[in-house]
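Student: Residue numbers (this note's numbering): 647 to 723. Have a look at this one before I ask anything.
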């Protein structure tokens with residue numbers, strides 16, 4: 647996954663990382679309750695950012711559409 651998509655609430659590995667790396671991460675999350683709790687709390691906080699609020703996203707999207715409709719149209723080249 648992209649670091650920007652998961653923030654500090656996850657672990658980023660290369661898709662082609664050795665299997666041992668993947669196993670180590672899963673094992674750590676499975677056996678280390680403090681690490682799991684820390685990452686879980688960070689993931690929840692990251693997911694609750696104001697910019698991810700659906701109402702805010704729709705408002706921003708529709709505001710951008712409204713501004714776009716007020717710009718003069720251009721002919722395709």
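Where a beta carbon is used, it is the ideal one built from N, C-alpha and C, also for glycine. Remember, predicted model here, so these are calculated numbers, not experimental data.
#1: Do you know whose CA, among 654, 663, 714 and 700, lies nearest residue 688's CA?
#2: For residue 678 and residue 699, what's the separation of their Cα atoms in angstroms?
#3: Helix, strand or coil: how does DSSP classify residue 716 here?
#4: With 16 other CB atoms within 10 Å as the buried threshold, where does residue 666 fall?
#5: When you compare only the Cα positions, how much space is there between residue 650 and residue 685?
Tutor: Here's the rundown:
#1: The sequence position of residue 688 within the chain shown is 42, counting from 1. Selected option, being the one with the closest Cα: 654.
#2: Looking up residue 678 in the chain shown gives position 32. Looking up residue 699 in the chain shown gives position 53. Cα to Cα, the separation comes out at about 31 Å.
#3: Taking the chain shown and counting its residues from 1, one reaches residue 716 at position 70. The answer is helix: DSSP assigns residue 716 an H, G or I state.
#4: Your numbering for residue 666 matches position 20 in the chain shown. Exposed, by the Cβ-count rule.
#5: By 1-based counting over the chain shown, the position of residue 650 is 4. By 1-based counting over the chain shown, the position of residue 685 is 39. If you take the alpha carbons of residue 650 and residue 685, they lie about 15 Å apart.
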